[in-house]
Amino acid sequence: MTQAFTKTEHGRNAIDRADDGERIDEAFEALLAADDHNAFRQVHGVGSNSKYVFTGERCSGWAGDYVEEQYTVAGNLLAGPGVLEAVGEAYQSADGDMAESLVSALEAGVAAGGDDRGEMSAAILVHAPDPEFYHNLRVDLSETPVADLRTLLGEAREAKARIRAETDDLFEDYPEELLDFGIKY
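Using this note's numbering, read the sequence shown as starting at 493 and increasing by one per residue.
In structure tokens:
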């Protein structure tokens with residue numbers, strides 16, 4: 493995850509490097525070491541064998557991060573540290589898959605005071621071995637983006653079930669490999 497004055501290549505490059513066997517902490521450290529503007533960046537992530545958080549000293553507003561056993565939490569321009577605590581607790585106690593856990597965490601963050609500027613957008617992106625189209629959802633320019641994201645997640649799950657029910661019979665004579673269209677993010 494890359495935040496604050498974001499440089500999205502850091503996220504993509506860290507994932508690529510982790511996919512190639514590099515530890516996520518080493519990947520992010522190398523990327524940030526080569527970034528002349530790392531003081532403005534905030535990155536965090538969990539790999540299969542390491543975790544990493546970094547909050548540059550020039551991030552805007554209240555900014556912070558912390559690491560737990562199975563997750564990291566970071567934010568900037570927040571109402572305060574209680575937002576991160578609420579996000580972490582909600583993520584850890586959520587039932588369901590990663591998408592569900594992430595939306596629950598965002599809801600808790602909003603309830604704890606959220607972004608100092610108010611709500612504007614919300615998104616989830618899950619990097620998974622078996623991607624689903626509901627792993628990449630976003631809501632922009634909304635007065636209630638996290639609530640809208642919750643609705644969108646439910647609608648996406650319903651659409652997946654409906655499409656599967658409507659098309660299973662159509663494809664039963666085809667090998668599964670033909671039906672993997674390589675759609676990711």
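We put the CB at the ideal spot given by N, CA and C, even for glycine.
With contacts defined by Cβ atoms closer than 9 Å, Ile516 and Tyr558 do not form a contacting pair. If you draw a 10 Å sphere on the C-beta of Tyr583, you find 16 or more other C-beta atoms in it, and that means buried. The segment 506-594 contains, as complete beta strand (DSSP E) runs of 3+ residues, the segments 533-538, 543-547, 554-559, 564-570 (chain order). The beta-carbon distance between Tyr626 and Ala657, rounded to whole angstroms, is 16 Å. This is too long to meet the 8 Å contact definition.
Counting C-beta atoms within 10 angstroms of its own C-beta, Ser585 has fewer than 16 neighbours from the protein chains shown and is therefore classed as exposed. For Arg642, the CB contacts under 6 Å within the same chain, skipping 5 residues up- and downstream, are Val595 in chain order. One Cα belongs to Thr636, the other to Pro667, and the distance between them is close to 43 Å. Scanning Leu633, Arg533, Met612 for the CA closest to the CA of Gly567 turns up Arg533. About 6 Å separates the Cβ atoms of Gly537 and Ala506, confirming a contact at the 8 Å cut-off.
Between the segment 611-619 and the segment 572-581 there are fewer than three inter-stretch CB-CB distances shorter than 8 Å, so the stretches are not counted as touching.
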